[in-house]
Amino acid sequence: MTTPAPTSRKTVEQHASDVAALLDEVTDTGVERVPIDEAAARVTAVAVPSPVDLPLFRNSQMDGFAVRAADLTGDETRLRVVGEIAARPIDPAPLEPGTSVRIMTGAVVPPGADVVVPVEESEVETDQDGVETVLLGPARGGGERAVGLFVRERGSDVRAGEELLPAGVRLASRHLAVLAAAGITTVEVRRRVRVAIVTTGAELVEPGETPTLGQTFDSNGTALTAAVVAAGAEVAARARVVDDADVLLALLDDLHGEVDLILTSGGISMGEHEVVRDVLGPLGGWIGSVAMQPGGPQALGAYRGVPIIAFPGNPVSTQLSFEVFVAPVLRRVAGLPQASRVPAELAVAVRSVPGKRQFLRGRRRGDGRVEPVAGPGSHLVAGLAASDVLIVIPEDTLELDAGDAVEAWTL
Ligand SMILES: Nc1nc2c(c(=O)[nH]1)N[C@H]1C(S)=C(S)[C@@H](COP(=O)(O)OP(=O)(O)OC[C@H]3O[C@@H](n4cnc5c(N)ncnc54)[C@H](O)[C@@H]3O)O[C@H]1N2
Ligand code: MOO
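The sequence shown begins at 1 in full-length UniProt numbering and counts up one residue at a time.
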């Protein structure tokens with residue numbers, strides 16, 4: 001298959017909408033239960049009720065003395081000290097009127113006690129018979145010590161049965177902490193989209209190997225792996241194939257049932273060895289071009305119901321294509337916020353080509369304005385790495401001046 005089919009041309013929006021439609025089937029990924037220590041950044045599939053009251057029991061907010069509010073009279077009160085309750089498993093006896101008990105932060109407040117006086121507001125004395133008393137001075141903040149002062153009531157944070165977390169929350173440390181605090185060990189989360197990353201090209205060599213003349217390190221595999229993870233999906237398979245349609249078909253067969261989506265890089269343009277094109281064409285896929293630069297050549301299709309989104313091989317084109325067409329869908333499925341796309345002011349004049357949306361690699365300067373950092377070549381990986389924004393120049397714009405408004409995509 002060496003004769004390229006005539007290509008058709010789409011707008012960026014048309015292709016984005018075709019990709020989104022193809023990925024519609026993978027958006028309902030189902031649910032899985034994972035240990036909370038492995039659940040960071042996952043998204044809750046259902047609301048999580050609390051199995052317990054929090055705090056679990058009535059406990060002290062201060063190191064000090066648990067007393068009865070009714071025993072506190074005037075500015076100073078002297079009470080007998082009858083023992084100590086530390087923060088540890090304990091079922092303390094009720095506090096008798098006229099007595100106090102030493103108590104530590106987090107320790108069980110004994111029945112009968114309803115105020116904790118911080119140790120800083122107390123003075124302990126032991127008489128010649130060894131009887132310990134404590135003189136409780138005025139509260140440092142002034143005023144009366146009301147019932148409940150420095151006592152953390154059971155259930156005052158959340159009651160058993162109340163919702164700890166709603167469905168759709170992206171789990172951060174604070175969410176996982178409340179699950180752990182309630183004694184929960186696992187959580188039901190949305191299953192991540194399982195993605196296969198397939199790079200193609202007889203010229204590719206693994207980073208770390210020694211390239212001979214004509215060989216290129218495979219950077220798209222690494223870039224797409226990181227990008228897929230950042231978009232909230234999971235890299236379930238990674239492969240590199242030479243330019244042989246039978247090899248690629250055999251790989252697609254292996255991936256069937258194992259992944260929800262296949263991303264490929266390379267092999268879709270006008271050459272003699274376009275393996276992805278040769279496989280997708282007979283499968284009824286679309287292979288054509290999109291009015292953008294980089295990332296002009298694009299393709300999509302499916303193999304036995306598994307969607308395949310095919311990116312052009314040039315590294316900048318691959319990375320940009322993922323951001324433009326696939327990342328928004330994966331982020332939405334994963335419950336992640338979309339990447340920031342905001343208006344910005346150009347720091348310098350720029351030129352563009354007619355009929356294509358340009359994505360210039362740029363940098364946001366200290367004054368907030370943006371400027372290009374690298375040339376337009378889609379092989380310029382270092383230029384892309386040096387950029388922190390993409391500057392978007394619309395299809396019908398040929399020249400812009402410093403100070404003009406553009407859209408900037410934060411990378
Ligand atoms: N006659 C034409 N030639 C080309 C056209 C065209 O319209 N007419 N389009 C050019 C554009 S634009 C692009 S983009 C590329 C896309 O071609 P492919 O998708 O077939 O990509 P390849 O030819 O396989 O590779 C292109 C380039 O990228 C390098 N590459 C590929 N994979 C990787 C990888 N995993 N890691 C690093 N680098 C990779 C590859 O070695 C090539 O240099 O076609 C133009 N040609
Ligand atoms: O359209 Mo290509 O992706 O510029 O290098």
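Note that beta-carbon positions come from the ideal geometry of N, C-alpha and C, so glycine has one too.
Since we're looking at a predicted model, the values are computed, not measured.
Would you say residue i touches ligand 3, meaning its beta carbon is less than 7 Å from a heavy atom?
i	result
I268	Among the ligands present in this structure, namely ligand 1 and ligand 2, ligand 3 is not found.
Considering only heavy atoms of ligand 1, does any lie closer than 7 Å to the CB of residue i?
i	result
L300	no
E274	yes
N220	yes
T199	yes
E203	yes
G106	no
G271	yes
T216	yes
Closer than 7 Å: is that where the CB of residue i sits relative to any heavy atom of ligand 2?
i	result
S156	no
S17	no
N314	yes
P166	no
Q293	yes
G296	yes
S352	no
S387	no
S8	no
residue 412	Nothing about residue 412 can be read from this structure; the chain reaches only from 1 to 411.
Rounded to a whole number of angstroms, what is the C-alpha to C-alpha distance between residue i and residue j?
i	j	result
G257	T29	13 Å
L346	A405	6 Å
E399	G313	28 Å
residue 412	M104	Outside the displayed span of the chain (1 to 411) sits residue 412, for which this structure offers no information.
R351	D396	11 Å
A382	T225	18 Å
S387	P51	48 Å
P4	V392	Legend: pLDDT at P4 = 48, less than 50; position of this residue unreliable, value from coordinates given subsequently. Rounded to the nearest angstrom, the two C-alpha atoms are 30 Å apart.
R332	A146	50 Å
D278	S317	20 Å
R174	N220	35 Å
R361	P354	18 Å
T126	E38	53 Å
L280	V34	36 Å
A172	R194	22 Å
L56	V235	40 Å
G148	T186	34 Å
E407	E188	38 Å
V67	V134	11 Å
S378	Q293	8 Å
F217	L248	20 Å
How would you label residue i, buried or exposed, when you count the other beta carbons within 10 angstroms and need 16 or more for buried?
i	result
P6	Its pLDDT being 49, under 50, P6 is placed unreliably by the model, and nothing is read from it.
V43	buried
S340	exposed
T2	Because the pLDDT at T2 is just 42, under 50, the model does not fix this residue reliably, and the value given afterwards should be weighed accordingly. Looking at its Cβ environment, which holds fewer than 16 other Cβ atoms inside 10 Å, T2 is exposed.
residue 420	Any property of residue 420 remains undetermined from this structure, which presents the chain solely from 1 to 411.
I262	buried
M270	exposed
E123	exposed
R9	exposed
Q14	exposed
Between residue i and residue j, which are expected to be in contact by the criterion C-beta below 8 Å, what is the C-beta distance as a whole number of angstroms?
i	j	result
P97	D71	6 Å
A180	L336	Not quite, the Cβ-Cβ distance comes to about 23 Å (not below 8 Å), so this is no contact.
G301	G285	2 Å
T199	R240	5 Å
A167	V306	Wrong, their Cβ atoms sit about 28 Å apart, outside the cutoff.
D254	G201	The Cβ separation is near 19 Å, so there is no contact.
N59	A107	6 Å
R364	V373	That pair is no contact at about 10 Å.
Could you please give the first and the last residue of the uninterrupted beta strand (DSSP E) stretch that includes residue i?
i	result
P307	306-311
R83	It is Gly, not Arg, that sits at residue 83 in the sequence shown. Element bounds for G83: 77-85.
P372	370-372
T99	99-103
P297	297-303
S219	Careful: S219 lies outside any beta strand (DSSP E) and carries neither H nor E.
V195	194-200
S8	8-10
Which two residues bound the contiguous alpha helix (DSSP H) that contains residue i?
i	result
A382	381-385
T410	Note, T410: premise wrong, no alpha helix (DSSP H); beta strand (DSSP E) at 405-410.
A177	173-181
V275	275-280
S317	315-321
For residue i and chain C, any beta-carbon pair shorter than 8 Å?
i	result
E188	Considering every chain present, this structure includes no chain C. It has just one protein chain.
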